[in-house]
Amino acid sequence: HIFRVEEKLTEDERSRIVDNAERLLVDHPKYNVFWANCEHTANMVSAKQKFTSPEVHFMIWSLCRYLLTFLGLAFLHFMTIQCYSRYCLQFPFWAMLVYYTCTALPVLAQIVVQFGRLAWTVVGYYL
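In my numbering, the protein residues as written are 34 to 160.
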């Protein structure tokens, strides 16, 4: 996808962005997909002036979420094998609680965080 960002910038802000871009042409950190990629550079020269990449943060959060999902599935499998035809079949509450804690709650947390960030951006745009 190609995104076009339109911002109302003053002449001084435009000059600063050009100066930052020229400075980064001379003294740019070595490329690294996690710590110094193209999104870092674009955010640095833009009005944000932060050397950051939201996509890297999202990827790290997603990896943690998938790890928790795997952990929940492994726990559910372990609990099912350990107590098959015993207590867990009659009262599977604890196995299901751990499973949903590891699988559903991280997704819910990510949705809440993303919505909060979006709302904060929208409110900041209109104030």
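Think of the CB as a built atom: it goes at the ideal place given N, C-alpha and C, for glycine as much as any other residue.
Where the alpha helix (DSSP H) through residue i begins and ends
i    : result
A246 : Because the chain spans 34 through 160 in this model, residue 246 falls outside it and cannot be assessed.
D52  : E44 to V59
CA-to-CA distance, residue j to residue i, given in whole angstroms
i    : j    : result
T154 : F148 : 10 Å
R150 : P87  : 11 Å
K63  : H73  : 12 Å
T102 : L57  : 40 Å
A152 : S95  : 21 Å
F126 : V140 : 21 Å
Y158 : E40  : 11 Å
C135 : E55  : 47 Å
V89  : R49  : 26 Å
F84  : D52  : 15 Å
T43  : D60  : 26 Å
I144 : R47  : 35 Å
R98  : L104 : 10 Å
Top-ranked residue by Cα proximity to residue i, from the options
i    : options                : result
W129 : R47, H110, H61 and K83 : Position check: residue 129 holds Met in this sequence, whereas Trp was assumed. M129 has its Cα closest to that of H110, out of R47, H110, H61 and K83.
L132 : F108, L42 and V140     : According to the sequence displayed, residue 132 carries Tyr and not Leu. Nearest C-alpha to Y132: F108.
V146 : Y99, F91, F67 and K81  : F91
L106 : V78, V156 and A137     : A137
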